[in-house]
């Protein structure tokens, strides 16, 4: 494929994708590829996000005002990148607020970086899933333009954001976002919550579903399956214990008072 044609049809691409399209990734052609890419970077048609990741600037658009689709960039940050936590809420149209920090799961060791005012933050896959080779459990695929994007499903996202509230915008953001969802496959929610293997998270999921039983048509059977795996002792839902809590006895869970009382509704 001709270089200009490739650039015109790929808004975000990796070095390897370019190499395969240009010359089949022939080792002897690397010097030529590097020179071509550097030329397009110098002329303002390409922007280098990191060492082997590029964003295309459409013809006639000033480099200073060109803005890449953040989710497309996040999806290309690593070969195994999966959009997750608050970013998955945004992808599924369930986020209460839009954040300038995008989170993706990856097994590749990377540091967070800032590009065009957006922070791209890598997070390792949960260890229990890695040990069981289940990193891609309940991962959906979709397209942003022509770019394939991998993202945690709505059901996995619900469990993940309750598991890692700090990666998901805090309690108010998580609660309000999940209340935006209109339908869920509850069997998938339970299956993933149990696979994640964290008793506190299972209790948080159970409590949330119980509180929203009418919204999601939650039956007693779903709640009972979760109750069999709640913590034996009392556990804090807030890992940092930074806020006052109150006991939810049936789930052996000390939930933040701000969540139980929905303090944010007082600001309406």
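Residue numbers (this note's numbering): 395 to 662.
For every residue, glycine included, the Cβ atom is placed at its ideal position computed from N, Cα and C.
Query raised in the report: residue 461 to residue 543, Cα distance in whole Å?
Result: Here residue 461 refers to the residue found at position 67 of the chain shown. Here residue 543 refers to the residue found at position 149 of the chain shown. Answer to the nearest angstrom: the Cα atoms are 18 Å apart.
Query raised in the report: Buried or exposed: residue 601, going by 16 or more other Cβ atoms within 10 Å of its Cβ?
Result: Counting from 1 along the chain shown, the entry for residue 601 is found at position 207. Burial call: buried.
Query raised in the report: Quick one: what's residue 442 bridged to in DSSP?
Result: Against the chain shown, residue 442 aligns to sequence position 48. In the DSSP output, where bridge partners are listed per residue, residue 442 has 448.
Query raised in the report: For residue 557, which residues of its own chain have a beta-carbon under 7 Å away from its beta-carbon, when the five flanking residues on both sides are left out?
Result: In the chain shown, counting from the first residue as 1, residue 557 sits at position 163. 590, 592, 595.
Query raised in the report: For residue 532, which of 586, 571, 500 has the nearest alpha-carbon?
Result: Here residue 532 is taken as the residue at index 138 of the chain shown, counted from 1. Measuring from the Cα of residue 532, the nearest candidate turns out to be 586.
Requested in this report: Using 10 angstroms around the beta-carbon of residue 538, count the other beta-carbons present and answer buried if the total reaches 16, otherwise exposed.
Outcome: For the purposes of this step, residue 538 is identified with residue 144 of the chain shown, where counting begins at 1. It is buried - the Cβ of residue 538 has at least 16 other Cβ atoms within 10 Å.
Query - Own chain residues within Cβ distance below 6 Å of residue 536, not counting five before or after - result: As a first step, residue 536 must be located in the chain shown, where it is residue number 142. Once the five neighbours on either side are set aside, the close Cβ partners of residue 536 are 543.
Query raised in the report: Out of curiosity, what's the CA-to-CA distance linking residue 420 and residue 412?
Result: Numbered from 1 along the chain shown, position 26 holds the residue referred to as residue 420. Numbered from 1 along the chain shown, position 18 holds the residue referred to as residue 412. Approximately 11 Å, taken between the alpha carbons.
Requested in this report: To the nearest angstrom, report how far apart residue 453 and residue 623 are at their CA atoms.
Outcome: Translated into positions along the chain shown, residue 453 becomes position 59. Translated into positions along the chain shown, residue 623 becomes position 229. When rounded, the distance between both Cα atoms is 57 Å.
Query raised in the report: Ordered along the chain, which non-local residues of its own chain (more than five positions away) have a Cβ less than 7 Å from that of residue 497?
Result: The count along the chain shown starts at 1 and reaches residue 497 at position 103. The residues are 478, 479, 480, 481, 515, 517, 561.
Query raised in the report: So what does DSSP say about residue 511, is it helix, strand or coil?
Result: Position 117 of the chain shown, counted from the first residue, corresponds to residue 511. Three-state result, residue 511: coil.
Query raised in the report: Among 584, 567, 609, which one has its Cα closest to the Cα of residue 577?
Result: Your numbering for residue 577 matches position 183 in the chain shown. Among 584, 567, 609, the Cα nearest to that of residue 577 belongs to 609.
Query raised in the report: For residue 616, does the count of other Cβ atoms within 10 angstroms reach 16, so buried, or fall short, so exposed?
Result: By one-based count along the chain shown, residue 616 stands at place 222. Flag for residue 616 reads buried.
Report task. Run through the stretch 420–499 for me and flag every whole beta strand (DSSP E) of 3 or more residues, listed as ranges in chain order. Result -> 440–444, 447–450, 495–499
Requested in this report: Look at residue 565 and residue 574 and say whether their C-beta atoms are less than 8 Å apart.
Outcome: Sequence index remark: in the chain shown, residue 565 carries index 171 (1-based). Sequence index remark: in the chain shown, residue 574 carries index 180 (1-based). For residue 565 and residue 574, no; Cβs fall outside 8 Å.
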